Structures are given as C-alpha cells and as structure tokens.
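A.B. asks:
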Amino acid sequence: MHVSPVVRRLFRRLGPAENAARVDVSRSNNDANHTHSNMLAHRTLPCGALGPRRPLGARSARSMIGRASLKEVESITQQGTARKQNEDRCAVVEGIAGGVTMAAVFDGHGGYATAEWLAENFSKYVEKFWGASSSPMAATTEAFLAADRKILAPKKGFLGMVGERGIGGSKCGATGAVALLHQDAAGALYLLAANAGDARVLLVGKKGSTQMTVDHVPDSEDERKRIENQNPNPNMPLVRYVGGTWRVGGLLALSRAFGDAYMKGTGQFEGIQAGSDNYSSGFGVVADPDVTNVLLTKDDAWIVVASDGLFENEVRGGGGGLSNDEVAELLNKNKNKSCKELGAMLCEAAEQAGSTDDITVVVAKL
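For the sequence shown, this note's numbering gives the first residue as 0, with consecutive numbering after it.
1) Following the continuous beta strand (DSSP E) through asparagine 292, name the residue where it begins and the one where it ends.
2) Check whether the Cβ atoms of alanine 173 and aspartate 106 lie closer than 8 Å to each other.
3) DSSP state of threonine 359, grouped into three classes?
4) Measure the alpha-carbon distance for lysine 364 versus leucine 69 and round it to whole angstroms.
5) Using the Cα positions of alanine 192 and lysine 127, report the straight-line distance between them to the nearest angstrom.
6) Going by the beta-carbon positions, is the gap between serine 306 and aspartate 259 smaller than 8 Å?
7) In the DSSP assignment, what are the bridge partners of alanine 178?
8) For asparagine 323, collect the residues of the same chain with a Cβ closer than 7 Å to its Cβ; drop the 5 residues on either side in sequence, then sort them by chain order.
9) Taking all protein chains shown into account, do 16 or more other C-beta atoms lie within 10 angstroms of the C-beta of arginine 223, making it buried, or fewer, making it exposed?
10) Run the CB neighbour count on asparagine 228, radius 10 Å, all protein chains shown included, and call it buried at 16 or more, exposed below.
11) Spatial neighbours of alanine 114 within its chain, please: CB distance less than 7 Å, with the 5 preceding and 5 following residues excluded, ordered by chain position.
12) Measure the C-alpha to C-alpha separation of alanine 195 and lysine 155 and round it to an integer number of angstroms.
13) Determine the DSSP secondary structure at glycine 353, reduced to helix, strand or coil.
14) Among residues of its own chain, excluding the 5 on either side of alanine 348, which ones have a beta-carbon nearer than 8 Å to its beta-carbon?
15) Using CA coordinates, which residue listed in Leu309, Met344 and Gly204 is at the minimum distance from threonine 355?
16) Quick check on the burial criterion: 16 or more other C-beta atoms within 10 angstroms. Buried or exposed for tyrosine 124?
17) Take every Cβ of the stretch 168-187, pair it with every Cβ of the stretch 88-103, and state whether three or more of those distances are shorter than 8 Å.
18) Entirely within the stretch 86-147 and at least 3 residues each: give me those beta strand (DSSP E) ranges in chain order.
19) Counting C-beta neighbours from all protein chains within 10 Å, is the total for threonine 296 16 or more, i.e. buried, or is it exposed?
20) Does the beta carbon of glycine 98 fall short of 7 Å from some heavy atom of the ligand MG?
21) Classify glutamate 220 as buried or exposed, calling it buried when 16 or more other Cβ atoms lie within 10 Å of its own Cβ.
22) When the Cα of alanine 112 is compared with those of Ser169, Glu73 and Gln78, which residue comes out closest?
23) Can you name, in chain order, every residue of its own chain whose Cβ lies under 8 Å from the Cβ of alanine 152, other than the five neighbours on each side?
24) Would alanine 273 be called buried (16 or more neighbouring beta carbons within 10 Å of its own) or exposed?
25) Note down, in chain order, each residue of its chain lying with its Cβ closer than 8 Å to the Cβ of aspartate 298, except the 5 sequence neighbours on either side.
26) With DSSP collapsed to three states, give me the class of valine 326.
27) In the DSSP assignment, the alpha helix (DSSP H) including glutamate 227 goes from what residue to what residue?
28) Using a Cβ-Cβ cut-off of 6 Å (strictly less than) and excluding sequence neighbours within five positions of glutamine 351, which residues of its own chain qualify?
29) Out of Phe143, Ala131 and Met136, which has the shortest C-alpha to C-alpha gap to alanine 118?
30) Looking at threonine 76: is its Cβ nearer than 8 Å to the Cβ of proline 288?
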C-alpha cells in the first residue's frame, strides 16, 4: 500500500514541538481480547496504543447488557498541510457500562488541550450517565454537557478569580463526534451517534452512506436562528460574515463545541469587555449535541467517525475533501482491505482532493 509522504506515525500525545505530518493508528481485532466474559472491563485503544484494562463499579440494572464488539477498528490522524500542529485527537474505548464500545474524534481549535482532555476523559462521562439511565440518548446528552461544564470550570484559588477559564485557555475548544455501539436487552445491535460541531459519524453500507450527525455551523439557518433568538442586542447580529465565512461573534466558524469559554456566558464577562457590547450572556455557542440512535441491519458494513478535514468544505474556507458518498464509494470498492489501509486511503484521497486541514478518521468494520 502506498502512503503519501505526509503520513507518518503519530503517538497519542502530541506536544507543541510537533512539526511534521504524522499518522497514528490503533486497532482492536475480534480475537482473544474479546473472549472474556461480560465482566466490567474498560479497555482504551487511543490512537496508537492499547491502554490497560481497568475495573469499573457495579453495573446498573438498567444499563445495556451484552457486549457490543467490532470485527476491526483502526484510527489514523494526519496533520494538515496548512497547520503548525495537529490539534485532532481520537479514542476507541471498549467495555463502557458493561458492553458499550465508543469510537470518538475530537477536533481541537485554539490548541489541542481540550481535544486531548476529551480523548482521555470523555468515556468516563459516558460510563457515568449510561450506567444510571434507561435512555441512551438522554444519557449521552448529559455526558456532553457534563464534560463541557468540567472543561469550563474555573481554576481553584486565586487563579480562578483572575485567570482564564477553560482547559487550554478561554479560546481553546474542540468539536466532538462520538459513535456508541450497544445492544438492547434482546441482543439487537444499535448505533448511537452524537456530535457537537462539524465532525461527523457516517454509517456506510452497500447502498451508500448515511450521515448520522448534524454539522453545527453558523451558516446553517437553524443554528443561526437558535443563536439570534438569544441575542440581547438585535441591532448587532451575533452571526456575521467575516473572512469568507459565517462566524459566531464574527470569530468562531462553529456554532457548537466543547470549551471556547470566551464564547460562553459566565457572568464574568470573559473574552469581552464588560458592558461594551451587551454580550455578557455569551454568544450562543453550546455543547448540546444532536443524538441519533438506529438499529443496525445486515446491510450496514462500516462506521466512520471523522474530523471535518476529511470532508469537502470549500464554502466555509476549509479547502477540498471528500463527500459522504465518495467515502462510501472508496470503502465499498476496497471492502477486502483492512480498516488500517482504508483509513490511510481516505486521508490520502482527501488530501489529493484539496484538504489542508488536520484529518482524523476512525474506520470500524461491523
């Protein structure tokens, strides 16, 4: 398999000194690692390394039963040609709430700290809320919101009074796309997809692709209306066309994301001068996800979770990339290749199509 020169190995933690395009891969095969009983073991496969198992607390009687495993899963991440560092992160975690498998991509902006924190910690929030709820969709929404509250929490002590909120600072944030494979009490297999921002989850089969997530961008009319309905100063729109694309507050080309404390109200006028523009309640950026839960069928073959760098995005200034149908076409034409090979092929195809952004893809075979 030919891999372009920009595809090189990426370790899980990427420090500020990273200066080359790099790739990272993690895998889980349906082998002996899956044959253990339904004991509550939590296994993390985070972009390049297999993490240790760790025991969890007792499972709620209302949580998912059975063990939802994938035949194969690989993650690959590639630094964008126009980026100084790769700010994407990803994680694959098995055994959440007794049997849920998570594949997630977090696309950072303003630094990678928020995305890295999510890759390391988001599964814990899924575990907490899925284990205590009979509704996977409601539990996932709570996981998103609780994780965002933690990211935004002020530091303790004196720094909490004078310093910036937010992991990585007030201008650090991340989008998130999460795929959760789970079974119901009868053993039926479901895919729950949730996102905040413009990273995507695709369900791919013989007939093409289905986008399971919603792109949360300010040029979406629904998102624009949601934001402007909260605007305390109608004479100054919150969504403005700046730098060739629509932006919330004229700054952020996303309408939902984790972090970004300077775009979210705190009562402390963070990110703006107090009283100068009547935006002390925030700009309308939220981490509230769209959530979809579908029953999988024998026609479903792959789950793809990817940052927006994989996809065509010329209208919003993100350069070229692939359409959802082109992703499905590539997978279906190369169905005998491994997920590792498919992930590399997707990254290379997106780059050749003009993507200059960081590209992170998790390819999972059902």
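Beta carbons are placed, not taken as given, at the ideal position from N, Cα and C, and that holds for glycine. Values in this document were obtained by computation on a predicted structure and should not be read as measured data.
C.D. replies: Reading off the structure:
1) Per DSSP, asparagine 292 belongs to the beta strand (DSSP E) from 289-294.
2) Against a cut-off of 8 Å, the Cβ pair of aspartate 106 and alanine 173 comes out as a contact.
3) DSSP places threonine 359 in strand when its eight states are reduced to three.
4) Looking at the two C-alpha atoms, the distance is approximately 6 Å.
5) The alpha-carbon atoms of alanine 192 and lysine 127 are separated by roughly 18 Å.
6) Going by C-beta atoms, serine 306 is not nearer than 8 Å to aspartate 259.
7) In the DSSP output, where bridge partners are listed per residue, alanine 178 has Ala102 and Ala192.
8) Setting aside the 5 residues that flank it on each side, asparagine 323 is surrounded in the same chain by Leu201, Ser208 and Gln210, each with a C-beta closer than 7 Å to its C-beta; the list follows chain order.
9) A residue is called buried when at least 16 other Cβ atoms come within 10 angstroms of its Cβ; arginine 223 meets this threshold and is buried.
10) Its Cβ having fewer than 16 others within 10 Å, asparagine 228 is exposed.
11) Hits under 7 Å: Glu86, Asp87, Arg88, Phe105, Asp106, Gly107 and Ala173.
12) Taking the straight line from one Cα to the other gives about 27 Å.
13) Looking at glycine 353 - three-state DSSP - the assignment turns out to be coil, as it is neither helix nor strand.
14) Within its own chain, the residues whose Cβ lies closer than 8 Å to the Cβ of alanine 348, once the five positions on either side in sequence are excluded, are Leu321, Glu325 and Leu329, listed in chain order.
15) Nearest of Leu309, Met344 and Gly204 to threonine 355, Cα basis: Leu309.
16) So tyrosine 124 counts as buried.
17) Between the stretch 168-187 and the stretch 88-103 there are three or more C-beta pairs closer than 8 Å, enough to call the two in contact.
18) List check, beta strand (DSSP E) in window: 87-95 and 99-108.
19) Exposed.
20) With respect to small molecules bound, the structure shown includes none, and the ligand MG cannot be examined in it.
21) Per the 10 Å Cβ criterion, exposed.
22) The candidate whose alpha carbon is nearest that of alanine 112 is Ser169.
23) Sequence-distant partners of alanine 152 (beyond 5 residues in either direction) whose C-beta falls short of 8 Å from its own C-beta, in its chain, are Arg164.
24) Confidence at alanine 273 is low in this model, with a pLDDT of 38, below 50, so its placement is unreliable and no value can be given for it.
25) Here the set comprises Gly204, Lys205 and Lys206.
26) Residue state, collapsed to three classes: helix.
27) Taken as a continuous stretch (DSSP letters only), the alpha helix (DSSP H) holding glutamate 227 covers 220-227.
28) When the five nearest sequence neighbours on each side are left out, no beta carbon in the same chain lies closer than 6 Å to the beta carbon of glutamine 351.
29) Across the set Phe143, Ala131 and Met136, the C-alpha of Phe143 shows the shortest separation from the C-alpha of alanine 118.
30) In this structure, proline 288 does not lie closer than 8 Å to threonine 76 by Cβ.
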